[in-house]
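Just so we're aligned, residue 3 is where the sequence shown starts under my numbering, counting upward by one.
Just so you know, even glycine gets a beta-carbon here, dropped at the ideal spot from N, CA and C.
Beneath this line is the structure, given in structure tokens, with notes to follow.
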Amino acid sequence: MNKIFEIALGIVTSIGGFLDVGAIATAAEAGSIYSFQLIWAIVLEAIYKVNLKVANQMK
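Here you go:
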């Protein structure tokens with residue numbers, strides 16, 4: 003059980019470095035209200051962030 007806690011803490015820490023606290027709280031609240039109805043927005047955001055990251059590396 004301790005190993006699972008360490009892995010979960012690592013995942014949360016890696017997400018926390020990428021997103022701010024407000025975004026995580028807002029996403030959790032929206033997920034609790036809308037369930038999987040907004041999954042398209044997550045996919046679209048991921049594609050946008052990858053493209054933005056690639057564009058910044060090409061400079």
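Between residue i and residue j, which are expected to be in contact by the criterion C-beta below 8 Å, what is the C-beta distance as a whole number of angstroms?
i: residue 32; j: residue 40; result: 6 Å
How big is the Cα-Cα spacing for residue i and residue j?
i: residue 25; j: residue 44; result: 12 Å
i: residue 46; j: residue 8; result: 30 Å
i: residue 48; j: residue 4; result: 31 Å
i: residue 14; j: residue 29; result: 14 Å
i: residue 37; j: residue 55; result: 28 Å
i: residue 59; j: residue 52; result: 11 Å
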